[in-house]
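**Q** Count the sequence shown with my numbering and you get residues 32 to 187, in order.
Glycine included, every Cβ here is placed at the ideal spot set by N, Cα and C.
Have a look at this one.
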Amino acid sequence: MSYHCERCDRYFSPRGFEQHRRASQRHFYCDEHDMDFTSWVGLKEHWVQSPEHYYCQRCDKHLDYEEELEEHYEHEHHYCTEHKRVFYTPKGLKEHYVQHTDHFFCQYHNQHFDYVDEFLDHAERQHYVCRDCERIFGTSEKKEIHDEKHHPDDYW
32 MSYHCERCDR
42 YFSPRGFEQH
52 RRASQRHFYC
62 DEHDMDFTSW
72 VGLKEHWVQS
82 PEHYYCQRCD
92 KHLDYEEELE
102 EHYEHEHHYC
112 TEHKRVFYTP
122 KGLKEHYVQH
132 TDHFFCQYHN
142 QHFDYVDEFL
152 DHAERQHYVC
162 RDCERIFGTS
172 EKKEIHDEKH
182 HPDDYW
């Protein structure tokens, strides 16, 4: 009995066919799912997309469990645990924190807070904060300008 490789148009014994699929430069094989891809990029995309694979494409590293992958991201990369996103640089993660209002992040101290109250307490102790807008200002002058413009009825 022989097996036909349609991609290569060659015939193999059962054992030879398996060897061929794993060794050929025209086959990119996922052992776990018994799937054959036409490119390295296709195989990597499968690893990234499949919930059964715990694969870090930045390191080209496979891990055994989802928890291990999360831990790897947290310790080896710039990772937002809330949105499950990996960033290439600390600056990318910082920009993400600043842009998303569901993060409580002090950009002056590069400090992330779990709760809005913790963030506002920090801001009031360390900075000049507008409690109405939850905006932080580096100087009292900048906060006064903000208050005059955005909260004129409250400004004295």
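(1) Return the CA-CA distance between C87 and L94, expressed in angstroms with no decimal places.
(2) I'd like the list of long-range same chain contacts for R52, defined as Cβ closer than 7 Å, with 5 residues on each side in sequence excluded.
(3) If you draw a straight line from the alpha carbon of L74 to that of Q130, how long is it in whole angstroms?
(4) Tell me which residue opens and which closes the alpha helix (DSSP H) that D178 is part of.
(5) Below 8 Å on the Cβ atoms is my contact criterion, and I expect E83 with E63 to pass it. Report the Cβ-Cβ distance as a whole number of Å.
(6) Could you check which residue in Q157, R162, D65 has the C-alpha nearest to that of D185?
(7) Beta-carbon within less than 8 Å of F168's beta-carbon, same chain only, minus the 5 sequence neighbours each way: which residues are those?
(8) Could you tell me which residues DSSP pairs with Y128 in its beta bridges?
(9) Tell me the residue span of the alpha helix (DSSP H) that contains D148.
(10) Would you tell me roughly how many angstroms separate the C-alpha atoms of E155 and E102, rounded to the nearest one?
(11) Of the choices F43, H127, F150, Y146, whose alpha-carbon is the least far from that of C137?
(12) So, with DSSP's three-state summary, where would you put Y139?
(13) Is the beta carbon of Y85 less than 8 Å from the beta carbon of E99?
(14) Can you list, in chain order, the residues of its chain with a C-beta nearer than 8 Å to that of H127? Leave out the 5 residues immediately preceding and following it.
(15) Does DSSP classify H58 as helix, strand or coil?
(16) Roughly how many whole angstroms lie between the Cα atoms of E105 and S44?
(17) Which ranges does the alpha helix (DSSP H) cover as unbroken runs of at least 4 residues, wholly within the region 36-112, from first to last along the chain?
**A** Reading from the atomic positions:
(1) As a first step, residue 87 must be located in the sequence shown, where it is residue number 56. As a first step, residue 94 must be located in the sequence shown, where it is residue number 63. Taking C-alpha positions only, C87 is separated from L94 by approximately 8 Å.
(2) Your numbering for residue 52 matches position 21 in the sequence shown. Closer than 7 Å at Cβ, skipping near neighbours: H58, Y60, D67.
(3) To locate residue 74, count along the sequence shown from 1; it is residue 43. To locate residue 130, count along the sequence shown from 1; it is residue 99. Near 33 Å, if we compare the C-alpha coordinates of Q130 and L74.
(4) Position 147 of the sequence shown, counted from the first residue, corresponds to residue 178. Residues 171-181.
(5) The residue labelled residue 83 in the question sits at position 52 within the sequence shown. The residue labelled residue 63 in the question sits at position 32 within the sequence shown. Confirmed, Cβ separation roughly 6 Å.
(6) The count along the sequence shown starts at 1 and reaches residue 185 at position 154. Of the candidates Q157, R162, D65, the residue whose Cα lies closest to the Cα of D185 is R162.
(7) Working through the sequence shown from its first residue, we reach residue 168 at position 137. Hits under 8 Å: H158, Y159, V160, C161, K174, H177.
(8) Position 97 of the sequence shown, counted from the start, is the residue given in the question as residue 128. Paired residues: none, contrary to the question.
(9) The residue labelled residue 148 in the question sits at position 117 within the sequence shown. Note, D148: alpha helix (DSSP H), 147-157.
(10) Position 124 of the sequence shown, counting from 1, holds the residue named residue 155. Position 71 of the sequence shown, counting from 1, holds the residue named residue 102. When rounded, the separation of the alpha-carbon atoms in E155 and E102 is 33 Å.
(11) Here residue 137 corresponds to residue number 106 of the sequence shown, with the count starting at 1. Checked all of F43, H127, F150, Y146; the closest Cα to C137 is F150.
(12) For this step, residue 139 is matched to residue 108 along the sequence shown. If DSSP states are grouped into helix, strand and coil, Y139 belongs with coil.
(13) Along the sequence shown, read from residue 1 onward, the residue named residue 85 stands at position 54. Along the sequence shown, read from residue 1 onward, the residue named residue 99 stands at position 68. Taking 8 Å as the Cβ cut-off, Y85 and E99 qualify as a contacting pair.
(14) In the sequence shown, counting from the first residue as 1, residue 127 sits at position 96. For H127, the CB contacts under 8 Å within the same chain, skipping 5 residues up- and downstream, are C111, H114, R116, F118, H134 in chain order.
(15) Numbered from 1 along the sequence shown, position 27 holds the residue referred to as residue 58. Of the three classes helix, strand and coil, the one that applies to H58 here is coil, per DSSP.
(16) Numbered from its first residue, the sequence shown carries residue 105 at position 74. Numbered from its first residue, the sequence shown carries residue 44 at position 13. The C-alpha of E105 lies about 46 Å from the C-alpha of S44.
(17) The region 36-112 contains these whole alpha helix (DSSP H) runs: 45-54, 71-80, 97-107.
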